[in-house]
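Below: one structure, written as C-alpha cells.
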Amino acid sequence: MNHARIIGTGGHLPEKVLTNADLEQRIETTAEWIVERTGVEERHIAAPGETTCDLAEHASRRALEAAGLEPSDIDLIVLGTTTPDHVFPSVATQLQHRLGCPGGPAFDVQAVCTGFVYALDIADRFIRTGAARRALVVGADTFTRIIDWRDRGTCILFGDGAGAVVLEAADKPGIIDSRLGADGRYKELLWVPAGVSSGYDQTRQNAAFVEMRGSEVFKVAVTTLKDIAEQILTANRMTVADVDWLIPHQANRRILAATAKRLGLPEGRMVDCVRTHGNTSAASVPLALDVAVRDGRIQRGDTLLLEGFGGGFTWGAVLLTY
Ligand code: COA
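Read in order, the letters of the sequence shown correspond to residues 13 to 334 in the working numbering.
This is the structure in C-alpha cells:
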C-alpha cells in the first residue's frame with residue numbers, strides 16, 4: 013500500500029454569476045475585449061457572508077459521496093487557499109469540524125494558484141509513508157474578496173470556487189510522480205502588498221488587493237507550465253503522447269492555448285473551464301478535474317497531468333493514473 017490514488021472528486025461554484033456584460037457596467041471595458049484577451053465569459057462570485065470554508069465543505073461532501081465514504085473515514089485534510097475565513101484557525105480545521113471527523117491532522121497550504129497541487133503532493137507523501145490512509149485534498153478560494161473592482165487589469169480574470177478529491181492508499185499508482193517549485197524573486201509581479209505582519213498601508217488605496225503585472229506574469233506562466241510538464245514526463249520516460257488529459261491551472265485561455273501549443277498537445281486533450289469559471293486560484297485544477305470526470309471525458313485508467321502556477325511564483329505538476 014505505498015501509493016495513493018484518487019477515488020472521488022467534487023466541486024462547488026457559488027450561485028451568483030458575474031458576466032462580462034455586468035463588468036461593462038462597472039469598468040471601462042468591453043465583453044469582446046475580455047473574451048479575446050482572457051477567454052473568460054462569466055465567473056461565479058461568493059455571496060456576502062459566504063466563505064471559503066462554505067465552498068470547501070460543499071466540494072468535500074461531493075467528493076466523499078463520489079468516493080462512497082463517510083467523513084469519519086478521512087484521517088488527513090490538506091487544503092490549499094489564499095483567502096482563508098480567518099487569519100487562524102485554518103480553513104482545514106474548520107472544515108474537519110463541520111464534516112465531523114476530528115483527530116487527524118488538518119492544515120492549510122498557501123501557494124496561491126498552485127495551492128491544490130502543493131496540497132496533493134503533500135497528501136500523497138503522507139499516504140505513501142503510511143502516515144495517513146484516506147485524505148481529503150481541497151483547493152478553495154474566494155479570490156474575488158481580494159480583487160480591486162476598479163482595476164480592469166485584474167477584476168476581469170478571477171472567480172470563486174472550490175474543488176476536492178479523496179485520496180486513498182493503494183497497491184499501485186494512482187499518483188505516479190509530483191514535482192513542486194517556487195521562486196520568490198517574482199513577488200511583485202503578482203501579489204497583495206498588505207499583510208498581517210507587514211501591515212496595511214493606509215496611504216495606498218488598493219493595498220489590500222491583488223496587484224498584477226499581467227503581461228509579465230503571462231510570459232513566465234507559459235514558459236513554466238511547458239517546462240514542468242516536460243520535466244515530469246521525461247523523468248518518468250513518458251511523452252506528451254502518453255497523456256490522455258492535461259489539466260492546467262485555469263489562468264486564462266491564452267495561457268492554456270500557448271502551453272498546449274508549445275507542448276505539441278492537441279487542445280482537445282486539455283480540460284478548459286476558463287470560459288465559465290475564470291481563474292478560481294487554488295480551486296481551478298480540482299474544479300476542472302471534477303468537471304471532466306463528471307461529464308465522462310476522464311475515464312478510469314486515463315493518464316492525467318495536473319499543473320499549477322501562481323503568485324510567488326509557485327508551480328507544480330502531478331502525473332497520475334486516474
Ligand atoms: N478592458 C479594456 N482594456 C484593458 C483592460 C480591460 N479589462 N485591461 C487592460 N486594458 C488595456 C490596458 O490598459 C492597456 O492599455 P494601454 O495600451 O492604453 O495602456 C492595454 O489594454 C493592453 O494592456 P496589457 O496589460 O498589455 O494587456 P494584455 O494583452 O497583456 O492583457 C491580461 C491583459 C491581464 C488579460 C493579460 O496580461 C493576462 O492574462 N496575463 C496573465 C494574468 C494571469 O493569468 N494571472 C494569474 C496567473 S496565476
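Glycine is no exception: its CB is placed at the ideal position from the N, C-alpha and C atoms.
| Query | Result |
| --- | --- |
| beta-carbon residue 261 near the ligand COA non-hydrogen atom, thresh 7 Å | yes |
| Under the three-state DSSP convention, the category residue 120 falls into | strand |
| Between the CA atoms of residue 185 and residue 17 - distance to the nearest angstrom | 6 Å |
| Cβ neighbour criterion (16 or more within 10 Å) applied to residue 210 | exposed |
| Extent of the continuous alpha helix (DSSP H) run through residue 249 | Unbroken run through residue 249: none, as it is neither H nor E. |
| Alpha-carbon spacing of residue 154 relative to residue 64, whole angstroms | 6 Å |
| Exposed unless 16 or more other CB atoms sit within 10 angstroms - verdict on residue 264 | buried |
| Nearest candidate by alpha-carbon position, reference residue 255, set 310, 85 and 94 | 310 |
| Rounded Cβ spacing between residue 52 and residue 286 (contact assumed at less than 8 Å) | 6 Å |
| Three-state secondary structure assigned by DSSP to residue 261 | coil |
| Residues that residue 176 bridges to, as DSSP identifies them | 22 and 150 |
| Whole-angstrom C-beta distance between residue 125 and residue 293, which should lie under 8 Å | 5 Å |
| Cβ neighbour criterion (16 or more within 10 Å) applied to residue 327 | buried |
| Cβ distance (whole Å) where residue 12 is taken to contact residue 111 below 8 Å | Since the displayed the chain opens at 13 and closes at 334, residue 12 lies outside it and no answer follows. |
| Nearest-angstrom Cα separation, counted from residue 39 out to residue 176 | 33 Å |
| Beta-bridge partners of residue 15, as assigned by DSSP | 182 |
| At least three beta-carbon pairs within less than 8 Å, the segment 139 to 151 to the segment 192 to 212 | no |
| Residue of 173, 115, 83 and 163 minimising C-alpha distance to residue 289 | 173 |
| Residue 202 beta carbon near the ligand COA (any heavy atom closer than 7 Å) | yes |
| Residue 125: CB within 7 Å of a non-hydrogen atom of the ligand COA | yes |
| DSSP-derived helix/strand/coil call for residue 143 | coil |
| Nearest neighbour of residue 190, chosen from 159, 183, 308 and 241 [CA to CA] | 241 |
| Meets three-Cβ-pair contact criterion under 8 Å: the segment 312 to 323 and the segment 156 to 168 | no |
| Closest residue to residue 83 among 134, 101 and 113 (Cα-Cα distance) | 113 |
| Rounded Cβ spacing between residue 3 and residue 145 (contact assumed at less than 8 Å) | Since the first and last residues shown for the chain are 13 and 334, residue 3 lies out of range. |
| Residue from 305, 49, 129 and 85 with nearest C-alpha to residue 164 | 49 |
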